[in-house]
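Below you'll find the structure, written out as structure tokens, and then a few comments.
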Amino acid sequence: MTYQNTSLRACVFIDSSNPELPNQIMNHSSHPFIKPPFPPLIDPKDLLIISKDNKPSRSPNAFIIYRKVFLKTTRDQGYFLPMTIVSSMASKSWDKESDEVRDYYKKLAKEAYKYRTEKFPKKVKRRRKKEPWNANIAFQNDLHNTFFD
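Oh and the sequence shown: position 94 is 94 in the UniProt record's numbering, straight run, nothing missing.
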């Protein structure tokens, strides 16, 4: 027999770094409403992350940029939540955003992609065209048939 717990999970977030903010018990319906500032103060060049071996990360899409701004906003407001919670909250907030806001973030994503391709152009690897494995054999047979028939 399988037991399924149908009650909502409660999460307790404790932030001891700020004594002015009380500890909070939150569940799925009581997440604080957080709206990132618009337009965001983020430079598309800052979105490119370069690893130690000088390889750039993929350029982020519009939602990833929005989530990054959303995370900064939550922390600025004193919430230090797990990324899974922040992602869920950002997704719900993204769904409620206007087309103007979404288009702005899409434009930021395109600018970040353009900057990445300018700074790290794709290396074109030219592959040599493979010779058919039987080209020589067919040619030799044709020569043999021409001269000896």
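Where is the CB? At the ideal position from N, CA and C, for every residue including glycine.
Since this is a predicted model, take the numbers as computed values, not measurements.
Span of the alpha helix (DSSP H), counted from its first residue to its last, around residue i
{"i": "Lys114", "result": "Asp99 to Lys119"}
{"i": "Leu71", "result": "Ala62 to Asp76"}
{"i": "Asp43", "result": "Note, Asp43: premise wrong, no alpha helix (DSSP H); not H, not E."}
{"i": "Ile85", "result": "Met83 to Lys96"}
Per DSSP, cross-strand counterpart(s) of residue i
{"i": "Ile50", "result": "Pro56"}
Alpha-carbon to alpha-carbon, residue j and residue i
{"i": "Asp95", "j": "Tyr104", "result": "15 Å"}
{"i": "Lys129", "j": "Thr117", "result": "27 Å"}
{"i": "Ile25", "j": "Leu81", "result": "Caution applies to Ile25, whose pLDDT of 46 falls short of 50 and renders its modelled position unreliable; the value that the coordinates give is listed next. The alpha-carbon atoms of Ile25 and Leu81 are separated by roughly 12 Å."}
{"i": "Asp53", "j": "Pro60", "result": "20 Å"}
{"i": "Arg58", "j": "Glu131", "result": "36 Å"}
{"i": "Asp99", "j": "Val86", "result": "22 Å"}
{"i": "His28", "j": "Arg75", "result": "Interpretation of His28 is limited by its pLDDT of 48, a score under 50 that renders its predicted location unreliable; the figure taken from the coordinates is listed afterwards. Looking at the two C-alpha atoms, the distance is approximately 19 Å."}
{"i": "Lys122", "j": "Ser88", "result": "34 Å"}
{"i": "Tyr79", "j": "Lys92", "result": "17 Å"}
{"i": "Lys45", "j": "Lys68", "result": "14 Å"}
{"i": "Arg126", "j": "Pro56", "result": "22 Å"}
Option nearest residue i by Cα separation, candidates the options
{"i": "Pro39", "options": "Ser91, Leu81 and Glu97", "result": "Glu97"}
{"i": "Pro36", "options": "Lys92, Tyr66 and Asp99", "result": "Tyr66"}
{"i": "Phe33", "options": "Leu108, Asp43 and Ala90", "result": "Ala90"}
{"i": "Thr84", "options": "Phe70, Gly78, Ala62 and Ile42", "result": "Phe70"}
{"i": "Lys110", "options": "Ala62, Leu41 and Ser51", "result": "Ala62"}
{"i": "Asp43", "options": "Tyr79, Gly78, Lys114 and Ser93", "result": "Lys114"}
{"i": "Arg102", "options": "Gly78, Val124, Ile64 and Tyr79", "result": "Ile64"}
{"i": "Leu48", "options": "Gly78, Lys125, Val124 and Ala112", "result": "Ala112"}
{"i": "Leu41", "options": "Arg126, Leu108 and Phe120", "result": "Leu108"}
{"i": "Ile50", "options": "Arg127, Phe120, Lys92 and Lys125", "result": "Phe120"}
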